[in-house]
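These notes are about the structure you will find just below.
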Amino acid sequence: MQPPENPPLSGDSPFFDLVGHAMGCLEPSQTGEMDALLRADSRLSRQSKTLMEALSLLREDPLAPPANLAQRTIARVERAREADSATIIRLPKAPQPSRPSWSWSSWRLGDLLAAGGVMMVAGLIGFPAIHQAWVRQRELSCQDTLRTFGTALNHYADANQGRYPHVASSGPNSVASTYLVSLRENGFLPEGGHSFCADPIPQAPPDRAQMDRFYQQDPTLFHRAARAMGGSYAYPLGWYENGKLTGPHRNQDDDHPLLADKGPRTTASQTRAANGQMNHASANSPNHGGRGQNVLYKTGNVRFLATRHQPDGCDIYLNNSGEMRAGISPGDLVLAPGDAHP
């Protein structure tokens, strides 16, 4: 059905309400008013009837196929195979139409409504699937980057008596992201390697000389550069043993994490309950919408964990005192973002 010529805005003409009436979308009071208009206006009543007929096509059951269609089709194909394939009938080219046989004006309202419904259903089904595929692809990209770091860190350990890069207790090397500087300056990180999960790669990170200069001249810039250099990941701050800060080593258990998606900023917060027990923040890494975090172990294995706690209950983002600081014992391993200090 074509709308009336030059229809005024809704409220000045019942045309737009007519569509709502035909589809059952009006309020009861509006439906009564429209029924009265249809009884009083024969032209509007004819338009309503035409619209109803168009919409009824959407409710009709599809036609049943002719009887024995499959058998007759197969028989016809067999007969065609037996025909003389050398006989070719060349048909003259059909003349080009003066104008396209299809145009928007050839669509009926029912066609438009049906097409719109199909698009809406496809969107409702397709968009969640696309989002889920994107989320999964981000997880896999993160895991691939972690495996690259696993190879680089183990090559570093091969050249340093099993020691992985250590975070110093003070000075310009006292931030977690110093491991990245160590890997780069010793040539263990591939060209173009970066510490970002699946985000746009930023500018090349500063080298050790630049970090030393930032530390001496601009502490704010130093911490900003350290956090940016840490990227999407968290590295062990080490632990204190007999008052001395010690870093990760190959002689640790295989289930000790070596690198992981960085934890949320709230990991540094802590409160005490009425009974004096420490309550820790428990949110997962923000890298994957809080669903969990990828964790790299010294064996090179990468696992996606739905919780930030190890099987023994230890939090990978907080030490046993509930702080984002170095561990208080050899088994207390804490992974922290690039600008964290022991």
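Quick note: the sequence shown uses this note's numbering, first residue 15, plus one each step. Where is the CB? At the ideal position from N, CA and C, for every residue including glycine. For clarity, every value in this text was computed on a predicted model and none was experimentally measured.
Whole angstroms are fine: how far does the CA of residue j sit from the CA of residue i?
i           : j           : result
residue 62  : residue 52  : 8 Å
residue 332 : residue 252 : 12 Å
residue 299 : residue 164 : 19 Å
residue 84  : residue 90  : 10 Å
residue 347 : residue 232 : 30 Å
residue 65  : residue 317 : 59 Å
residue 344 : residue 151 : 36 Å
residue 234 : residue 39  : 60 Å
residue 281 : residue 337 : Only weak support is given to the placement of residue 281: the predicted model assigns it a pLDDT of 42, under 50, and the question is left unresolved by the model.
residue 180 : residue 134 : 55 Å
residue 184 : residue 174 : 21 Å
residue 68  : residue 210 : 55 Å
residue 196 : residue 131 : 58 Å
residue 169 : residue 178 : 9 Å
Out of the options, point me to the one whose CA is closest to residue i's CA.
i           : options          : result
residue 296 : 323, 180, 129    : 323
residue 70  : 256, 128, 201    : 128
residue 254 : 335, 222, 301    : 335
residue 47  : 60, 31, 177, 37  : 31
residue 304 : 88, 319, 315     : 319
residue 222 : 88, 191, 277, 35 : 191
State yes or no: is the C-beta of residue i within less than 7 Å of the C-beta of residue j?
i           : j           : result
residue 352 : residue 182 : no
residue 193 : residue 229 : no
residue 268 : residue 313 : yes
residue 246 : residue 301 : yes
residue 243 : residue 278 : no
residue 349 : residue 274 : yes
residue 171 : residue 264 : yes
So, helix, strand or coil for residue i, using DSSP?
i           : result
residue 255 : strand
residue 58  : helix
residue 15  : Caution applies to residue 15, whose pLDDT of 44 falls short of 50 and renders its modelled position unreliable; the value that the coordinates give is listed next. Residue 15: coil per DSSP, three-state reduction.
residue 129 : helix
residue 284 : A caution first: residue 284 carries a pLDDT of 44, below 50, which makes its placement in the model unreliable, though a value can still be read off. Correct three-state label for residue 284: strand.
residue 207 : coil
residue 175 : coil
residue 339 : coil
residue 180 : coil
Ends of the beta strand (DSSP E) at residue i?
i           : result
residue 274 : 271-275
residue 241 : Taken as a continuous stretch (DSSP letters only), residue 241 belongs to no beta strand (DSSP E), being part of the alpha helix (DSSP H) at 233-244.
residue 189 : Counting along the chain, residue 189 falls outside any beta strand (DSSP E), and DSSP gives it neither H nor E.
residue 266 : It is not in any beta strand (DSSP E) - residue 266 carries neither H nor E in the DSSP assignment.
residue 309 : 307-311
Check for me: the alpha helix (DSSP H) holding residue i runs from which residue to which?
i           : result
residue 247 : Taken as a continuous stretch (DSSP letters only), residue 247 belongs to no alpha helix (DSSP H), being part of the beta strand (DSSP E) at 247-250.
residue 319 : No alpha helix (DSSP H) contains residue 319, which is instead part of the beta strand (DSSP E) from 316-319.
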